[in-house]
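Okay, so here's the structure we're looking at.
Residue numbers (the working numbering): 1 to 238.
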């Protein structure tokens, strides 16, 4: 397994999901760093093996190293990072067995959230999800990181409709484990994703719980082969 440098082109502003009009000056710097870095991990900005050094990250945020170190320590406690002897933080590598286990849990939980969302979705909810989907299709021709940010938003916009905060929190924690593996996506994979996401959206629009569940199941399960190949290649690397 091989360590990699910090994801090229990482810009904290791309992952700052604070609500519009939020008073940034009232948010502790460590809380902002934690929130933004967590969103970046969930969105696949840092692949497995990425090294996160406190000083350069602090420079990207325009803050001192102390709040960034606090944020990284919290992410380590979440299981999203591990520490190295040189005090750097690293995105951990998952075993294929662990990835399979997380996928099994994701299928159970995300299909449950999707089914409930199909029942509760309003016109405004559907319009918002549809807008994200259109953005994903357009982003297929642009930078991968933009596509992955929208991919994360698409799924969690649906799960938010379910109105089950405890369930969404558990789903969020699972994505924190596997989010870095989204960087294994390819242009070819995006076409497959588009079909699955289109099917999810169509099922939501017709309030078809069974179809939403099946489309989500297929979307999650189809990630096993490419990610499995990626993990095998990483395990074989010197």
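Backbone N, C-alpha and C define an ideal beta-carbon position, used for all residues, glycine too.
All values reported here derive from a predicted model rather than from experimental measurement.
request  = Give me the Cβ distance between residue 126 and residue 205, rounded to the nearest whole Å; I'm assuming they're in contact under 8 Å.
outcome  = Right, the Cβ-Cβ distance comes to about 6 Å (below 8 Å), so this counts as a contact.
query = Is residue 50 helix, strand or coil by DSSP?
reply = In this structure, residue 50 counts as strand in the three-state DSSP scheme.
task = Sort out for me which residues DSSP pairs residue 82 with in a bridge.
result = Per DSSP, the beta-bridge partners of residue 82 are 90.
task = Please classify residue 106: is it buried, with 16 or more other beta-carbons within 10 angstroms of its beta-carbon, or exposed?
result = Residue 106 counts as buried, since at least 16 other C-beta atoms from the protein chains shown sit within 10 angstroms of its C-beta.
task = Ignore the nearest five residues each way along the sequence and tell me which others in residue 162's own chain have a CB closer than 6 Å to its CB.
result = Cβ within range, chain order: 113, 116, 117.
inquiry  = Measuring straight from C-alpha to C-alpha, what distance separates residue 190 and residue 29?
reply    = One C-alpha to the other measures close to 35 Å.
message = Within the continuous alpha helix (DSSP H) that includes residue 26, where are the two ends?
response = No residue range can be given for residue 26, since it is assigned to no alpha helix (DSSP H) and is classified by DSSP as neither H nor E.
query = Hey, would you say residue 221 sits closer than 9 Å to residue 211, going by beta carbons?
reply = By the CB criterion at 9 Å, residue 221 and residue 211 fall outside the cutoff.
query = Is it buried or exposed for residue 219, if we count other Cβ within 10 angstroms and need 16 for buried?
reply = Label assigned to residue 219: buried.
request  = Check the C-beta distance from residue 45 over to residue 15 and give it rounded, since I have them as a contact under 8 Å.
outcome  = Indeed, because the Cβ distance is near 7 Å, the residues count as touching under 8 Å.
query = Where do the ends of the alpha helix (DSSP H) carrying residue 71 lie?
reply = According to the DSSP assignment, residue 71 belongs to the alpha helix (DSSP H) that extends over 65-77.
Beta-carbon proximity list for residue 147, same chain, < 8 Å, skipping 5 on both sides = Leaving aside the five residues that flank residue 147 on each side, the residues in its chain whose CB is nearer than 8 Å to its CB run, in chain order, 136, 139, 140, 185, 190.
message = Using only CA atoms, which one of 95, 13, 35, 144 lies nearest to residue 67?
response = Comparing C-alpha distances from residue 67 to each of 95, 13, 35, 144 shows the shortest one belongs to 35.
When 159, 192, 193 are compared against residue 171, the one with the closest alpha-carbon = Answer by Cα proximity: 159.
ask   = By a C-beta neighbour count over all protein chains shown, 10 Å radius and 16 as the cutoff for buried, is residue 223 buried or exposed?
value = By the neighbour-count rule (16 or more Cβ atoms within 10 Å), residue 223 is buried.
ask   = So what does DSSP say about residue 33, is it helix, strand or coil?
value = DSSP places residue 33 in helix when its eight states are reduced to three.
ask   = Can you tell me where the alpha helix (DSSP H) with residue 218 in it begins and where it stops?
value = DSSP places residue 218 inside the alpha helix (DSSP H), whose first and last residues are 209-221.
task = Look up residue 141 in the DSSP assignment and say whether it is helix, strand or coil.
result = Correct three-state label for residue 141: coil.
query = Nearest to residue 89 by alpha carbon, out of 236, 175, 80?
reply = Nearest C-alpha to residue 89: 80.
ask   = What number of angstroms, rounded off, separates the C-alpha of residue 235 from the C-alpha of residue 26?
value = Here the alpha carbon of residue 235 sits roughly 44 Å from the alpha carbon of residue 26.
key: First and last residue of the uninterrupted alpha helix (DSSP H) at residue 172   = In the DSSP assignment, residue 172 falls within the unbroken alpha helix (DSSP H) covering 165-178.
key: Residue environment, residue 23, which counts as buried when at least 16 other CB atoms sit within 10 Å   = Because residue 23 sits at a pLDDT of 46, beneath the cut-off of 50, its placement in the model cannot be relied upon, and the following sentence gives the value as read from the coordinates. By the neighbour-count criterion, in which a residue is buried when 16 or more other Cβ atoms sit within 10 angstroms of its Cβ, residue 23 is exposed.
message = In this structure, how does DSSP classify residue 121 when only helix, strand and coil are distinguished?
response = Residue 121 falls in the coil class under three-state DSSP.
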